[in-house]
Amino acid sequence: MLGRESASADSTTSVSRERTGICAFNALNHKQPTPHSQPLTQTGWRENIPHQQVSIQQPSPYHAPMTASMDRRNFLFSVCAPATAVLAGGIHHGYAKPVDPIGIFKPFIQRDRLPDPVTIESLDLHELDGNWFICARSRDGAEGWSVGHPNKMELSQRVFTKVIAPFMRGKDARDLDQLVDGVFLSGSNYKMQGQLFWVSLAAAEFAILDLLGKIAKCSAADLLGGQRRRKIDLYIANNHRSKDPRESLRRITKSVASIEAKALKIKIGGRMKVIDQLPGRTEKLIPMVAESLGEWCTLYADANSSYLSVKKAIEVGRMLEANKFAFYEEPVPFDYLDETKQVAEALDIPIAWGEQESSQWRFKWMVEHSGVRIFQPDLFYYGGLIRSLRVARMAAAKGLDCTPHVSGGGLGFLYMGIYAACCPNPGPHQEYKGLSDNFPWESTGDKITVKAGTMTAPNGPGIGVNIDPGYLAKANQIK
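According to my numbering, the sequence shown holds residues 63 to 541 in order.
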């Protein structure tokens, strides 16, 4: 029941819990608290909510302010939201109707732009040259297209054709916020939770967003809440773990120069419980990069779960702090939540985490318990833009950033651009791994270019690009 407790005059803990629950309800329903709220009803529960006032923690100080408008009031559920307000919403007990146990999120899809139903007639998967294309078609004949993850879709194609697509057919695409939960909760689908399930759902979501945006004649960013920025600052990612420090630095410098990047991310450690592929590489590379590029670039570092020892992870973190790095990603194995929190508490450098996470509840736990300060759902691995923007909402309630991880290939750069264009708290730089040239596409709005470390945000209808119809006509449909 919303975390309410029977509070006594000398019980500050109970009062604190009651305030958390009260603001959670108001936050989840996007209403301002009033002195005498009337009983409000949601699926499976009912509660009277008195007025309470709770403050928000100040935003993380590690980054410079974004240049674009940061209207967080509308993005958050309520201005009274405290650290756990968006997180602790009442657990719903449904009867004969599944509901997400994390609580109700205010929908992102702007239905006022779509007055008429958009019934999904078909959701088809096509393949050509190792590229995976998804077509969402409405009953009225409108189409939306997306490109799935280039490697994972090959593995998850049957999840798409046998699970995701059948669930979506016949549904109103305007209910996309509910559909991304519904397909997970349908039957025994929840037992498939993991990367291959969510990658398939993300591919479907991107195509449906393209369909809806083209019908509404607006960009996916506008459809998801509004275009907040036209230019997106980038950090360029590098992966040279098998190279010695000097060769790594040469390659990093070359990639920075290729887009005149103002930020970069290096790989440290050996990846997934391996301290280093080349002994001593990390200890040498960190100061070399800082000395060569630190004056011009914001520096980030990614350990990819390298350190089994919390002590070793902290030791490397101290080295990053001494060289003025701005975040430290995945220092310990990604599913070691408590150990991640221990490292975060021991260091001043912000810890970034979330690339491998697929659970809304674990993201909730990490936000609620201050496990890290930067959240990184992967736009493919986590199931798409709507679920990732939910993480951003939870993070924003604590004044924290949600900077998504970007998988290489496909149209990953494009989905990142949509996210960063509409999210109030995406962080100062977004991950960049290059524009796709694996198939012919063109912008339908402003031309998408990368120059001086920034990318043009996609603002054409739907996802903002068209794939050459002649090329798509050659693709094989996957049954």
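The beta-carbon is built from N, C-alpha and C at its ideal position, and this holds for glycine as well.
Take the alpha-carbon of E407 and the one of Y444: they are about 26 angstroms apart.
Here the alpha carbon of G287 sits roughly 8 angstroms from the alpha carbon of C485. Under DSSP, G206 takes part in a beta bridge, and its partners are A198. For Q240, the enclosing alpha helix (DSSP H) covers residues L238 to L247. Note on geometry: alpha-carbon atoms of V468 and N193 lie some 17 angstroms from one another.
With a minimum length of 3 residues, the unbroken runs of beta strand (DSSP E) contained wholly in the stretch 333–392 fall at 360–364 and 389–391.
Around A204, the same chain offers V180, L273, K276 and I277 as residues with beta carbons nearer than 8 angstroms, after the five sequence neighbours per side are excluded. Bridge partners of V527 according to DSSP: S505. Taken through DSSP and simplified to helix, strand or coil, K293 comes out as strand. The beta carbon of Y398 is closer than 6 angstroms to none in its chain, skipping five residues each way along the sequence. If one requires a minimum length of 3 residues, no beta strand (DSSP E) run lies completely within the stretch 419–493. Going by C-alpha positions, L187 is about 13 angstroms away from L217.
Contact holds between the stretch 498–511 and the stretch 520–533, because three or more Cβ pairs, one in each stretch, are under 8 angstroms apart. Scanning the stretch 311–335 for uninterrupted beta strand (DSSP E) segments of 3 residues or longer gives 325–329, listed from N- to C-terminal end. Here V242 has L263, E267, G445, G446, I448 and R449 as same chain residues with Cβ atoms under 7 angstroms from its own Cβ, once five neighbours each way along the sequence are excluded. Straight through space, the alpha carbons of T516 and C359 are spaced by roughly 13 angstroms. For the set I196, G206, L285 and Y252, the Cα lying nearest the Cα of P177 is the one of L285. For L285, the enclosing alpha helix (DSSP H) begins and ends at A282 to L285. 9 angstroms or more divides the Cβ of I348 from the Cβ of S320.
The beta carbons of A454 and P490 sit no closer together than 9 angstroms.
Judged by pairs of C-beta atoms under 8 angstroms, the stretch 403–418 touches the stretch 372–390, as three or more such pairs exist. Excluding five sequence positions before and after F442, the CB atoms of its chain that fall closer than 6 angstroms to its own CB belong to H211, V261, A264 and S469, given in chain order.
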